[in-house]
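Encoded as structure tokens, the structure appears first; notes follow it.
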Amino acid sequence: MDKKKFLIKTYGCQMNEHDSEKISWILIKMGYSETEDLQEADFIIYNTCLVRENAELKVYGNLGALKQLKREKPDLIIAVCGCMMQREEARNVITTKHRHVDIIFGTHNIHRLPQLINNHLKTGKTIVDVLEDSREIVEDIEANRKYSYKAFVDIMYGCNNFCTYCIVPYTRGRENSREPENNIDEIKELAKAGYKEVTLLGQNVNSYGKTLKREYDFVDLLRDINDIEGIERLRFMTSHPKDLSDKLIKAYGELDKLCEHLHLPIQSGSNKVLKEMNRKYTREDYLEIIEKIRNELPNIAITTDLIVGFPGETEEDFEETLELVKEVEFDSAFTFLYSIREGTIAAKMTNQIDNDIKHKRFQSLSDTLNEISLDKNKKLIGETLEVLVEEVSKNNPDVLTGRTRTSKLVHFKGESELIGSIVNVSIENVKTFTLEGSIV
Ligand code: SF4
4 MDKKKFLIKT
14 YGCQMNEHDS
24 EKISWILIKM
34 GYSETEDLQE
44 ADFIIYNTCL
54 VRENAELKVY
64 GNLGALKQLK
74 REKPDLIIAV
84 CGCMMQREEA
94 RNVITTKHRH
104 VDIIFGTHNI
114 HRLPQLINNH
124 LKTGKTIVDV
134 LEDSREIVED
144 IEANRKYSYK
154 AFVDIMYGCN
164 NFCTYCIVPY
174 TRGRENSREP
184 ENNIDEIKEL
194 AKAGYKEVTL
204 LGQNVNSYGK
214 TLKREYDFVD
224 LLRDINDIEG
234 IERLRFMTSH
244 PKDLSDKLIK
254 AYGELDKLCE
264 HLHLPIQSGS
274 NKVLKEMNRK
284 YTREDYLEII
294 EKIRNELPNI
304 AITTDLIVGF
314 PGETEEDFEE
324 TLELVKEVEF
334 DSAFTFLYSI
344 REGTIAAKMT
354 NQIDNDIKHK
364 RFQSLSDTLN
374 EISLDKNKKL
384 IGETLEVLVE
394 EVSKNNPDVL
404 TGRTRTSKLV
414 HFKGESELIG
424 SIVNVSIENV
434 KTFTLEGSIV
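Position one of the sequence shown corresponds to residue 4 (the working numbering), numbered consecutively onward.
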């Protein structure tokens, strides 16, 4: 008998992508096989994000589109999980307006999916099972990983920072660090399986270890992972400037596998706006970190996150952001238009910025960032850089893509057999976001 098929659609961040790898593993263990074809699927699951409004609207839109498919395939099971389901209002929309959804669960109880499916199959009822928060870390869930040479590893869950624009602390709960041995054992297994690169995941990895019953922090973990044979590249995301220690900056100069890239969200260059965002650092604090880390590692790549149009942001505030961007010269940045997130403190702020102004600032910021990225990339022409070969280019089957240790995307000719291996590429041409070259 043909195996039943499942399809997972993931919205949002790397942590959601990794949660989907775990859900996929659970379903494969239950005897399902994966498909990317909606018509073929017997089980469709949306792993949702709540950081931006349009992600939420997309989910409702896509769910609406499944109503007809459910009429055609009454045995089709539809499930929704992820950050959106942590919000009662969103759950109510689903249970009232999308009654063809069979299972709803959250971010803290992925491991309960087999029971939820069995309950639904037994009762035929819609199953809603969401934990508001959980101190329990379930360790025996593996992951059906997307790649065979690079892997994401959750080292901790939740966030205690309550930045005023962010919904994550309400959907992912309080910070909770996995025991170091569990992280290290997982990565040792990955090394045995031939993985070369690991990225440690957490909302704020710099505060790793604060919930452990002994003195053991983020840098202690990096050191122990650096000793694992077989792993060649170590990365992490996401950092918070208020917790980035001198110990970590020093580790950048000492740990040979720690890649020369730091993603350090600043969000705004204005101290007034940073205060309103409850970011707990000033632009001066941030610039001091950048200076220290460039003293330790002059060629480190630094990327960031920036929000434009935060409530109350004046033209002067925005100018301060532009100035800071020019001063730091980020290799690249994720830039976001501030959007109201119901349930956050900033959503209640009265001095919301007009959309036209937001878009004008967004364009000006992107232009400035892109100019800097291109200039920095131009300095790499003639250099030979080490690249982990990741995949065949989507636009040209003769071209491969991969990333440098500084996390720059590189295109170069080569055989697909090279995927998963580390090669040296001589850089011949550059664009704003990519480099081009030849294997040497
Ligand atoms: S650090 Fe701030 S922006 Fe990041 S997840 Fe926590 S609350 Fe959200």
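No residue lacks a Cβ here, since even glycine has one placed at the ideal position from N, Cα and C.
Model, not experiment: these values are computed from the prediction.
| request: Measuring alpha carbon to alpha carbon, tell me which of Asn57, Gln42 and Gly312 ends up nearest Ala450. | output: One cannot answer for residue 450 here, as it falls past the ends of the chain, which runs 4 to 443.
### Task
Closer than 6 Å by C-beta to Val141: which residues in its own chain qualify, once you throw out the five before and the five after it? Chain order, please.
His114
Keeping to the same chain, check which residues put their C-beta closer than 6 Å to that of Lys283; ignore five residues upstream and five downstream. Lys245
Could you name the residues of the same chain whose beta carbon sits closer than 7 Å to that of Asn281, not counting the 5 residues immediately before and after it, in chain order?
Phe165, Cys166 and Thr167
Q) Secondary structure at Glu294, three-state DSSP: helix, strand or coil? A) helix
Assuming Glu418 is part of the beta strand (DSSP E), what are its boundary residues? First-last for Glu418: undefined, no H or E at that position.
#### Entry: For Val428: DSSP bridge partner residues
Leu388 and Ile442
query = Does the Cβ-Cβ distance between Leu251 and Val222 come in under 8 Å?
reply = yes
Check: Quick one: Cα of Gly85 to Cα of Glu386, how far?
Finding: 43 Å
(message) Measuring alpha carbon to alpha carbon, tell me which residue in Asn398, Pro400, Val428 and Leu421 is nearest Lys411.
(response) Val428
Residue environment, Arg102, which counts as buried when at least 16 other CB atoms sit within 10 Å: exposed
Do you know whose CA, among Ala58, Leu204, Asp5 and Leu247, lies nearest Gly15's CA?
Ala58
Discussion item. Measuring only from the beta carbon, is Cys166 closer than 7 Å to any heavy atom that is part of the ligand SF4?
Written reply: yes
**Study point:** Own chain, CB closer than 7 Å to Leu119, minus 5 neighbours either side, in chain order
**Key:** Ile106, Phe108, Ile130 and Asp132
**Report entry** Where the alpha helix (DSSP H) containing Ser410 begins and where it ends
**Finding:** Here Ser410 belongs to no alpha helix (DSSP H), and DSSP marks it neither H nor E.
Q) CA-CA distance, Ile384 and Val390? A) 15 Å
Coil, strand or helix - Tyr211 by DSSP: coil
Inset, instruction - Kindly identify the DSSP beta-bridge partner or partners of Ala82. - result: Ile48 and Ile106
Best match in Ile158, Ile303 and Ile269 for proximity to Ala254 [C-alpha to C-alpha]
Ile303
Within 10 angstroms of its Cβ, does Gln71 collect 16 or more other Cβ (buried), or is it exposed? exposed
- Query: DSSP three-state call for Tyr160: helix, strand or coil?
  - Reply: strand
Within the chosen definition, does the region 357-365 reach the region 325-343 through at least 3 CB pairs nearer than 8 Å?
yes
Next on the checklist: For Lys191, which residues in the same chain have their Cβ closer than 7 Å to its Cβ, ignoring the five residues on either side in sequence?
Outcome noted: Ile231
DSSP-derived helix/strand/coil call for Arg148: coil
Review point. Which ranges does the alpha helix (DSSP H) cover as unbroken runs of at least 4 residues, wholly within the region 214-284, from first to last along the chain?
Key: 221-229, 249-257 and 274-279
Ignore the nearest five residues each way along the sequence and tell me which others in Phe239's own chain have a CB closer than 7 Å to its CB. Thr202, Leu203 and Val208
Quick test of your reading: Val413 and Thr437, contact by CB under 8 Å. State the CB separation rounded to the nearest angstrom.
7 Å
Could you check if Leu207 belongs to the surroundings of the ligand SF4, using beta carbon to heavy atom distance under 7 Å?
One detail in the question is off: residue 207 reads as Asn in this sequence, not Leu. Yes, the ligand SF4 has a heavy atom inside 7 Å of this Cβ.
query = Exposed or buried, what is Ala196 when buried is set at 16 or more other beta-carbons lying within 10 Å of its beta-carbon?
reply = exposed
Thr110 versus Glu92 - alpha carbon distance: 16 Å
Within 8 Å of any Cβ in chain D, is that where the Cβ of Lys278 sits? Annotation note: the requested chain D is absent from the structure, which comprises a single protein chain.
Is Gly67 helix, strand or coil by DSSP?
-> helix
Q) Are Leu325 and Thr371 closer than 8 Å when you measure CB to CB? A) yes
Can you check which of these residues, Leu237, Val426 and Glu24, is closest to Asn50 by C-alpha distance?
Glu24
- What does Leu10 pair with, by DSSP beta-bridge criteria? Ile47
Self-check item: Under the three-state DSSP convention, the category Leu124 falls into
Solution: helix
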